[in-house]
Amino acid sequence: MGIHDINRLLKSNRLLFEIRRDRALRQRFLNDMETVMDEYGLTEEEKDVWRNRDIKRLAELGVHPYMIPQFSRLFYGSAYNHNNSEAAEQYRRAIVEQAIR
C-alpha cells in the first residue's frame, strides 16, 4: 500500500482531496454522506468502505497514501492532531501495524 498502488481513477481520491479543502463540502458530507458519494460517482465498493470507515480497505482500493490519514481525521476528529489522537490510533491499527507484520 504505497505510492505505486495509487488508483488515479478512483473517485474516492478526488472526494478526499476536496473534503479536506472545502469546509462546506465536509459539513455537507458529514450530514448526508450518501448524497455526496452519489454526486462523486463512487462505486458501491467505495461507498461500503466509507460507510464502514474501513481505512485498510480504502488503501487497498488505491487511495493516495497521503489521503489515508485525512480519511481517519474526517471520521475521528482532527482538533487534537497528535500521535495519540483517536484519528492517529485508527490509522495506526489499520495501516502501520499491518505494514510491520
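Taking the numbering used here, the leading residue of the sequence shown gets 333, the next gets one more, and so forth. From the three backbone atoms N, C-alpha and C, an ideal C-beta is built for every residue, glycine too.
Tell me whether residue i is buried or exposed, calling it buried when 16 or more other Cβ atoms sit within 10 Å of its Cβ.
i, result
"LEU347", "buried"
"ASN384", "exposed"
"ASN345", "buried"
"MET365", "exposed"
"GLU378", "buried"
"LEU406", "buried"
"LEU362", "exposed"
Which stretch, first to last residue, makes up the alpha helix (DSSP H) that contains residue i?
i, result
"VAL381", "376-384"
"ASN345", "343-353"
"TYR408", "399-408"
"VAL368", "365-371"
"ILE338", "Where ILE338 is concerned, there is no enclosing alpha helix (DSSP H), given that its DSSP letter is neither H nor E."
"ALA391", "387-393"
Which value, in whole angstroms, describes the spacing of the CA atoms of residue i and residue j?
i, j, result
"TRP434", "ILE338", "Because residue 434 is not part of the residues shown, which for the chain are 333 to 433, the question remains open."
"GLN402", "ALA356", "16 angstroms"
"THR367", "HIS396", "23 angstroms"
Excluding five sequence neighbours on each side, which residues of the same chain lie with their C-beta closer than 6 angstroms to the C-beta of residue i?
i, result
"MET399", "LEU348"
"LYS388", "ALA426"
Between residue i and the rest of its own chain, which residues show a CB-CB distance below 7 angstroms, the 5 nearest in sequence each way excluded?
i, result
"GLU350", "LEU357"
"GLU418", "TYR408, GLY409"
"GLY394", "ASP337, ILE338, ASN339, LEU342"
"TYR360", "Rather than Tyr, the amino acid found at residue 360 in this sequence is Arg. Excluding sequence neighbours, ARG360 sits near VAL368."
"TYR372", "LYS343, ARG346, LEU347"
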